[in-house]
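With this note's numbering applied, the sequence shown covers 2 to 347.
See structure below.
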Amino acid sequence: MPNLCNTLIQTEVQLESHLSEPTDEVIAAVAALEGDILILGVGGKMGPTLAKQAKRAIDHAGIAKKVIGVSRFSIPGVQEDLQGAGIETITADLLSEDCLQNLPDIQNVILMAGRKFGSVGNEGLTWAMNGYMPGRVAEKFRSARLVVFSTGNVYPLTPVSHGGATESSPVDPIGEYAQSCLSRERICTYFSSQFGTPIVILRLNYAIDLRYGILLDIAEKVYAEEPISLQMGNVNVIWQGDANAIALRAFSHCQSPPLVLNVTGPETVSIRYLASCFGTIFNKSPYFDGKEASTALLSNASRCHQLFGYPHVSLGQMIEWVAEWVQVGGTTLRKPTHFEVRDGKF
Numbered sequence: 002m003p004n005l006c007n008t009l010i011q012t013e014v015q016l017e018s019h020l021s022e023p024t025d026e027v028i029a030a031v032a033a034l035e036g037d038i039l040i041l042g043v044g045g046k047m048g049p050t051l052a053k054q055a056k057r058a059i060d061h062a063g064i065a066k067k068v069i070g071v072s073r074f075s076i077p078g079v080q081e082d083l084q085g086a087g088i089e090t091i092t093a094d095l096l097s098e099d100c101l102q103n104l105p106d107i108q109n110v111i112l113m114a115g116r117k118f119g120s121v122g123n124e125g126l127t128w129a130m131n132g133y134m135p136g137r138v139a140e141k142f143r144s145a146r147l148v149v150f151s152t153g154n155v156y157p158l159t160p161v162s163h164g165g166a167t168e169s170s171p172v173d174p175i176g177e178y179a180q181s182c183l184s185r186e187r188i189c190t191y192f193s194s195q196f197g198t199p200i201v202i203l204r205l206n207y208a209i210d211l212r213y214g215i216l217l218d219i220a221e222k223v224y225a226e227e228p229i230s231l232q233m234g235n236v237n238v239i240w241q242g243d244a245n246a247i248a249l250r251a252f253s254h255c256q257s258p259p260l261v262l263n264v265t266g267p268e269t270v271s272i273r274y275l276a277s278c279f280g281t282i283f284n285k286s287p288y289f290d291g292k293e294a295s296t297a298l299l300s301n302a303s304r305c306h307q308l309f310g311y312p313h314v315s316l317g318q319m320i321e322w323v324a325e326w327v328q329v330g331g332t333t334l335r336k337p338t339h340f341e342v343r344d345g346k347f
């Protein structure tokens with residue numbers, strides 16, 4: 002694998018290459034898989050680079066295997082981009098029973114589709130996407146291996162000094178978005194017990210892409226000299242390319258009952274520290290709003306790191322890349338993470 006951490010990222014082409022570059026471990030894991038790979042919800046923020054990483058791993062391994070992406074493809078250009086990368090696409094609404102049942106029976110399925118922002122005022126759709134639909138998927142693909150994306154939001158706020166919730170910590174989701182994500186986990190666990198479906202559930206927070214993510218949120222505010230909220234004073238982050246790699250390697254750990262893994266970086270990261278780092282790079286003084294609480298939404302991913310090793314891209318590298326991206330005016334998705342929200346209302 003080339004050492005991507007020695008270069009800056011200034012274009013979306015470079016960014017896509019970094020996010021989709023498979024490690025040797027990913028190449029070996031994909032080569033060992035029996036069957037093709039189906040990614041449900043491939044059109045979201047993370048799906049395209051995950052699909053591309055899978056396809057590049059297949060190409061590196063020199064094997065004949067398909068990557069198929071399913072989405073409504075509501076964002077112009079995404080479907081064409083994936084097809085250009087050699088990924089087959091299917092346009093489908095996963096809430097439509099006809100669309101779901103018409104999907105091909107594939108041995109390896111990644112479920113990414115879900116809903117977070119806009120949940121307030123449209124809670125019914127959020128529960129349908131995050132709870133009902135995953136149950137239909139789990140029943141449809143009962144004979145497959147399933148990697149199911151969830152979120153660290155299923156945990157309560159925990160004392161910063163405790164190092165984050167582990168997979169054995171009690172769940173206590175705050176707000177309907179987080180509650181609906183826990184319903185996804187519970188329903189998939191039910192179908193796993195009913196059919197013996199091997200599943201891994203990934204509780205992710207927070208993936209970093211230069212076009213969105215907590216680091217971009219903070220860097221943009223420092224650069225624009227806008228106040229930075231300290232309501233959620235500490236967070237966890239992981240490079241999206243590393244999260245992609247974990248998802249692809251997780252197939253070999255699918256089991257019934259499901260294996261639950263927290264997916265994030267090893268550090269408890271201070272928002273004040275991040276802002277100070279960006280301030281030094283930009284030669285600007287950060288402005289803060291409020292003060293840190295003694296609790297935060299934090300996850301301990303040591304089980305994941307034991308299985309897969311530590312992320313390849315460090316926090317310091319992510320900070321440098323994001324700072325450069327902001328300074329050169331890189332494209333962003335204009336989708337703030339709202340990481341500072343403590344009441345679960347998105």
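Glycine included, every Cβ here is placed at the ideal spot set by N, Cα and C.
Model, not experiment: these values are computed from the prediction.
Beta bridge pairing from DSSP links S97 with no other residue.
Boundaries of the alpha helix (DSSP H) around L83: V79 to G85. Per DSSP, R250 is one residue of the alpha helix (DSSP H) stretching across Q241 to R250. C-alpha of E17 to C-alpha of T24: approximately 15 Å in a straight line. Take the alpha-carbon of G176 and the one of S170: they are about 18 Å apart.
The beta carbon of I91 is closer than 6 Å to those of V71 in its chain, skipping five residues each way along the sequence.
Each residue's CA atom was taken as its position, placing S253 and P337 some 34 Å apart. If you compare the alpha carbons of V138, I272, G153 and Q307 with that of D99, the shortest gap goes to V138.
Residues of the same chain with a CB within less than 7 Å of the CB of F118, apart from the 5 flanking positions on each side, are F347 in chain order. With fewer than 16 other beta carbons inside 10 angstroms of its own, L334 counts as exposed.
Cα atoms of V43 and F283: separation of roughly 35 Å, rounded to the nearest angstrom. For C305, the closest of G164, G122 and I247 by C-alpha to C-alpha distance is I247. Below 8 Å, enough C-beta pairs join the segment 19-33 and the segment 51-61 to call them touching: three or more. Taking a 10 Å sphere around the C-beta of P228, we find fewer than 16 other C-beta atoms and assign the residue as exposed.
Per DSSP, the continuous beta strand (DSSP E) segment holding L205 begins and ends at I200 to L205. Under the DSSP definition of a beta bridge, P228 partners with Y288.
The beta carbon of A220 sits closer than 7 Å to those of F279, V323, A324 and V327, all from its chain and outside the five residues before and after it, given in chain order. Contact between N235 and V161 holds, with the beta-carbon distance rounding to 5 Å and staying under 8 Å. For K66, same chain residues with a beta-carbon under 6 Å away, outside a window of 5 residues either side, are D37 and I59 in chain order. Selection N206, L95 and R146 evaluated against F340 yields N206 as nearest (Cα-Cα). Of the candidates R185, K285 and A244, K285 places its Cα closest to the Cα of Y224.
Taking all protein chains in view, the Cβ of T8 is surrounded by fewer than 16 other Cβ atoms within 10 Å, so the residue is classified as exposed.
Counting only runs of at least 3 residues, the segment 22-79 fully encloses the following beta strand (DSSP E) elements, listed from N- to C-terminal order: 38-41 and 68-72.
Around the beta carbon of V27, 16 or more other beta carbons lie within 10 angstroms, which makes this residue buried. For E13, same chain residues with a beta-carbon under 7 Å away, outside a window of 5 residues either side, are T332 in chain order. Between S151 and P259 a beta carbon distance of about 10 Å is seen, past the 8 Å cut, so the two are scored as non-contacting. Contact check for N301 against A166 passes: the beta carbons are separated by less than 8 Å. By the neighbour-count criterion, in which a residue is buried when 16 or more other Cβ atoms sit within 10 angstroms of its Cβ, P77 is exposed. Annotated three-state conformation of V148 is strand, per DSSP. For the options W128, L158, G242 and I107, the alpha carbon positioned closest to that of M233 is the one of L158. When secondary structure is reduced to three states using DSSP, V155 falls in the helix class. Taking 8 Å as the cut-off, the beta carbon of L41 is found no closer than this to the beta carbon of V148.
Taking all protein chains in view, the Cβ of Y156 is crowded by 16 or more other Cβ atoms within 10 Å, so the residue is classified as buried. The residues I10, L16, L217, W322, V323, W326 and G331, in chain order, have a CB closer than 7 Å to that of L211 in the same chain once the five nearest residues on each side in sequence are set aside. In the DSSP assignment, the residues bridged to D210 are Y213. Minimum Cα-Cα distance from D94 among the listed residues A29, L231, M134 and E81 corresponds to M134.
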